[in-house]
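In my numbering, the protein residues as written are 203 to 403.
Just so it is clear, CB atoms sit at the ideal spot from N, CA and C, and this is done for glycine as well.
These notes concern the structure reproduced below.
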């Protein structure tokens, strides 16, 4: 990841001498499909509607389909899953591809709504994505979690970030709050998991 990111930044600077580009929305707005990624239907930003849509769709996939069972099995114990006939490698590759497609969709929405793109944008978001999942109840060890929980975790992070901004607290503390929330969530998850295991025994 760092190799690709570093190469992207270096090549962009080498070719264009900048990392930020403006005016990208003007040609894109001529496409009729652009309206799917713009505006605020019913007073809510279009990104919120896409978030709700994918939360519902992927919740159904994870909880009601064979593919969802494969995802849980792959995350819980890849060896046992492979021995049970689950195409572990294919599941992992598909999830990485899906993550990339959703990141591209988010980038498209941001470019159309801001009119600019920056190769430096999105740095450290990997930690925030992991934090959202952990805060939402997903185990770092894999095999347990929900789409709804991860979505609510992301919402919680956004609310914390906005709260820090509007209360006048130095925004440099955001990462400290983020780290504290992740640590607290991991400890709580481990406690719940240990109690559940003791109760099962």
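Going by DSSP, name the residue or residues bridged to residue i.
| i | result |
| --- | --- |
| residue 319 | 223 |
With distance defined between alpha-carbon atoms, name the residue in the options nearest to residue i.
| i | options | result |
| --- | --- | --- |
| residue 349 | 264, 285 and 210 | 264 |
| residue 213 | 321, 293, 291 and 375 | 321 |
| residue 269 | 258, 390, 310 and 290 | 290 |
| residue 308 | 385, 327 and 208 | 327 |
| residue 347 | 288, 296 and 260 | 260 |
| residue 253 | 354, 207, 234 and 266 | 354 |
| residue 352 | 318, 256 and 402 | 256 |
| residue 312 | 220, 206 and 224 | 224 |
| residue 298 | 382, 397 and 273 | 273 |
| residue 384 | 318, 362 and 271 | 362 |
| residue 236 | 377, 305, 262 and 317 | 317 |
Return the CA-CA distance between residue i and residue j, expressed in angstroms with no decimal places.
| i | j | result |
| --- | --- | --- |
| residue 360 | residue 325 | 16 Å |
| residue 388 | residue 238 | 37 Å |
| residue 315 | residue 241 | 8 Å |
| residue 368 | residue 400 | 43 Å |
| residue 342 | residue 370 | 33 Å |
| residue 323 | residue 391 | 31 Å |
| residue 293 | residue 276 | 8 Å |
| residue 394 | residue 372 | 33 Å |
| residue 216 | residue 222 | 13 Å |
| residue 339 | residue 285 | 27 Å |
| residue 295 | residue 357 | 27 Å |
| residue 207 | residue 344 | 26 Å |
| residue 204 | residue 329 | 13 Å |
| residue 365 | residue 375 | 12 Å |
| residue 287 | residue 266 | 19 Å |
| residue 233 | residue 302 | 23 Å |
| residue 279 | residue 396 | 18 Å |
| residue 300 | residue 310 | 15 Å |
| residue 407 | residue 220 | Examination of residue 407 is not possible in this model, given that the chain is present from 203 through 403 alone. |
| residue 243 | residue 282 | 46 Å |
Alpha helix (DSSP H) runs contained entirely in the stretch 320–389, provided each spans 4 or more residues: Within the stretch 320–389, the complete alpha helix (DSSP H) runs of at least 4 residues are 327–337 and 349–368.
Alpha helix (DSSP H) runs wholly inside the stretch 214–296, at least 4 long, in chain order: Secondary structure remark: continuous alpha helix (DSSP H) runs of at least 4 residues inside the stretch 214–296, in chain order: 227–230, 248–266, 268–278 and 280–285.
Any 3 or more C-beta pairs closer than 8 Å across the stretch 240–255 and the stretch 332–344: Verdict: no, contact absent.
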